[in-house]
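**Student:** Numbering (full-length UniProt numbering), first residue to last: 1 to 352. Have a look at this one before I ask anything.
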Amino acid sequence: MSSLRIARCFSTATHVNGFNGAVGNTPLIYLKSLSERIGSRILGKAEFQNPGGSVKDRAALGLVEDAEEQGLIKPGGTVVEGTAGNTGIGLAHVCRAKGYKCVIYMPNTQSQEKIDLLRMLGADVRPVPAVAFENPQNYNHQAREYAESLTNAIWTNQFDNTANAKAHYRTTGPEIWEQTQGKVDGFICATGTGGTLAGTGKFLREKSGGKTQIWLADPPGSVLTSYINSGGKLIERSGSSITEGIGQGRVTDNLATFVNDVSGAFTVPDTDSIAMLYELLESEGIYLGASSALNVVAAVELAKKLGKGSTVVTILCDGAYRYQSRLFSKKWLESKGLYESIPPHLKKYAVL
Ligand code: PMP
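As structure tokens, this is what we get:
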């Protein structure tokens, strides 16, 4: 009998409640070929299986429900956020499911697929120039100001509202603990808001009595690798990355809840992330976005550091569907100097 039929026979679940009930409880995927090659267990949390397609569904639901619990938003209200995409998509779904209006400010550098999807989900999308956080025109400040100008509206503030990290502390961490039966030597992922790393990391660290090491994976251009590896003394920014949704220029309030317990950090070059993206498609049949591939490169590094037989968990944040016009386009990859980093036998996947 196929494993799918076995799973169906033994399933006791009947249903979940709507979109919001379907968030979380994602599978933990054993990445077989990589694991066998290095003699450790690399496990990827399949966050692309959330109903809105990314890890950010958890934060979106957590932020809105926290505001409801505090009485900050009432039926018919408006949710406003500044987001590079996935949080907006999660919020647009949650808002439809709960009957709120959704307004999204985003930097105008984001992929067209993400903008189109937000509009199809009924969000009012407002692309604004991509300027640094220090600039008052930054998309986050514009989102806050707009929410403040309305009544019965909230700015979910994913970067500095710690309800984001708490959602991962309540769900992602316990799920990983249960799925590994407590055998998790390392957890590593990249950060945008820091919610996933801080919330999941805090839970695993506490539950393991400090045994699970928590590491950060970073794209070039982020300040966090130097910040963490220098014990919080040095903030340096160099390079840039094609990965969307990750990398930071500051320690957000979400990251700050856990940053002192992060054991170390790796910066992963885009050349390695792209090569891994294609390798995971070839060897595992999984179609991932670039931040997931970066996470897996870093998980392999961490497993090598922790030694043979170690178990390292990372996050498979979203699928490639939202970025395919870039990540699977020979011309686009060439324009970024990344096409040649794809191993020759995997170039067949760059079909666009
Ligand atoms: N990967 C992708 C594709 C994302 O959109 C995000 C969130 N911006 C992350 C990773 C990082 O998640 P977090 O905000 O929890 O740090």
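Beta carbons: idealized from backbone N, C-alpha and C, even for Gly. Being a predicted model, the structure only gives us computed values, none of them experimental.
1. Is the beta carbon of residue 55 closer than 7 Å to that of residue 317?
2. Residue 188 and residue 302 - do their beta-carbons sit closer together than 7 Å?
3. In its own chain, which residues sit with a C-beta less than 6 Å from the C-beta of residue 1, not counting the 5 before and 5 after it?
4. Kindly indicate which three-state DSSP category residue 160 falls into: helix, strand or coil?
5. From the DSSP output, in three-state form, read off residue 95 for me.
6. Examine ligand 1 and report whether any of its heavy atoms sits within less than 6 Å of the Cβ of residue 270.
7. For residue 278 versus residue 346, is the C-beta spacing smaller than 7 Å?
8. Mind reading off the beta-carbon distance from residue 42 to residue 300? Whole number of angstroms is fine, and I expect it under 8 Å.
9. Could you tell me the distance, in whole angstroms, from the CA atom of residue 340 to the CA atom of residue 146?
10. Should residue 188 be counted as a contact of ligand 1 given a C-beta to heavy atom distance under 6 Å?
11. Only counting the same chain, and skipping five residues up and downstream in sequence, which positions put a Cβ closer than 7 Å to that of residue 222?
12. Based on Cα-Cα distance, which residue from 216, 181, 295 lies nearest to residue 208?
13. Residue 288 by DSSP, collapsed to three states: which one?
14. Taking residue 271 as the reference, give the member of 213, 337, 60, 39 with the closest Cα.
15. Check residue 216 in the structure and name its three-state DSSP category.
16. With a threshold of 8 Å, are at least 3 pairs of Cβ atoms found where one atom belongs to the region 70 to 89 and the other to the region 98 to 112?
17. Considering Cα atoms alone, identify which of 15, 124, 195, 218 is closest to residue 159.
18. Is residue 355 near ligand 1, in the sense that its beta carbon is under 6 Å from a heavy atom of that ligand?
19. If you run the structure through DSSP and keep just helix, strand and coil, what is residue 1?
20. In whole angstroms, what separates the C-alpha of residue 112 from that of residue 230?
21. Figure out for me which residue from 49, 68, 184, 326 has the closest Cα to the Cα of residue 312.
22. Classify residue 235 as buried or exposed, calling it buried when 16 or more other Cβ atoms lie within 10 Å of its own Cβ.
23. Which residues share a DSSP beta bridge with residue 155?
24. Does DSSP put residue 40 in a helix, in a strand, or in coil?
25. Once DSSP output is grouped into helix, strand and coil, what is the label at residue 22?
26. Run through DSSP, which three-state label would residue 182 get?
27. With DSSP as the reference, label residue 73 as helix, strand or coil.
**Tutor:** Reading off the structure:
1. For the purposes of this step, residue 317 is taken as residue 317 along the sequence shown, with counting starting at 1. For the purposes of this step, residue 55 is taken as residue 55 along the sequence shown, with counting starting at 1. Going by C-beta atoms, residue 317 is nearer than 7 Å to residue 55.
2. As a first step, residue 302 is located in the sequence shown; it is residue number 302 there, counting from the start. As a first step, residue 188 is located in the sequence shown; it is residue number 188 there, counting from the start. Cβ distance < 7 Å, so residue 302 and residue 188 count as in contact.
3. Numbered from its first residue, the sequence shown carries residue 1 at position 1. Interpretation of residue 1 is limited by its pLDDT of 46, a score under 50 that renders its predicted location unreliable; the figure taken from the coordinates is listed afterwards. Excluding residues within five positions, none has a Cβ falling inside 6 Å.
4. Indexing the sequence shown from 1 puts residue 160 at position 160. Coil, per DSSP.
5. Residue numbering aside, residue 95 sits at position 95 when the sequence shown is read from its first letter. DSSP places residue 95 in helix when its eight states are reduced to three.
6. On the sequence shown, residue 270 is found 270 positions in, with the first residue counted as 1. Every heavy atom of ligand 1 is 6 Å or more from the Cβ of residue 270, so no.
7. Here residue 278 refers to the residue found at position 278 when the sequence shown is read from its first residue. Here residue 346 refers to the residue found at position 346 when the sequence shown is read from its first residue. Cβ atoms of residue 278 and residue 346: closer than 7 Å.
8. Here residue 42 corresponds to residue number 42 of the sequence shown, with the count starting at 1. Here residue 300 corresponds to residue number 300 of the sequence shown, with the count starting at 1. Sure, about 6 Å apart at Cβ, within 8 Å.
9. Working through the sequence shown from its first residue, we reach residue 340 at position 340. Working through the sequence shown from its first residue, we reach residue 146 at position 146. Between residue 340 and residue 146, the C-alpha separation is close to 44 Å.
10. Walking along the sequence shown from the start, residue 188 turns up at place 188. No, the beta carbon of residue 188 sits no closer than 6 Å to any heavy atom of ligand 1.
11. By 1-based counting over the sequence shown, the position of residue 222 is 222. Hits under 7 Å: 247, 248.
12. By one-based count along the sequence shown, residue 208 stands at place 208. Measuring from the Cα of residue 208, the nearest candidate turns out to be 181.
13. Counted from its first residue, the sequence shown places residue 288 at position 288. It is a strand residue.
14. Numbered from its first residue, the sequence shown carries residue 271 at position 271. If we check each option's Cα against that of residue 271, 337 comes out closest.
15. Walking along the sequence shown from the start, residue 216 turns up at place 216. The answer is strand: DSSP assigns residue 216 an E or B state.
16. yes
17. For the purposes of this step, residue 159 is taken as the residue at position 159 of the sequence shown. Looking at the Cα atoms, 195 is the closest of the given residues.
18. Nothing about residue 355 can be reported from this structure: the residues present for the chain run from 1 to 352 only.
19. For this step, residue 1 is matched to residue 1 along the sequence shown. At residue 1 the pLDDT is 46, less than 50, meaning the model places this residue with poor confidence; the figure from the coordinates comes in the next sentence. Residue 1 falls in the coil class under three-state DSSP.
20. Position 112 of the sequence shown, counted from the first residue, corresponds to residue 112. Position 230 of the sequence shown, counted from the first residue, corresponds to residue 230. When rounded, the distance between both Cα atoms is 38 Å.
21. Along the sequence shown, read from residue 1 onward, the residue named residue 312 stands at position 312. The shortest C-alpha separation from residue 312 is found at 184.
22. Here residue 235 refers to the residue found at position 235 when the sequence shown is read from its first residue. Flag for residue 235 reads exposed.
23. Within the sequence shown, numbered from 1, the residue matching residue 155 stands at position 155. The partner list for residue 155 (beta bridge, DSSP) reads 80.
24. In the sequence shown, the residue the question calls residue 40 occupies position 40. Coil at residue 40, not helix or strand.
25. Your numbering for residue 22 matches position 22 in the sequence shown. Coil.
26. Along the sequence shown, one-based indexing puts residue 182 at 182. Coil at residue 182, not helix or strand.
27. In the sequence shown, counting from the first residue as 1, residue 73 sits at position 73. Looking at residue 73 - three-state DSSP - the assignment turns out to be coil, as it is neither helix nor strand.
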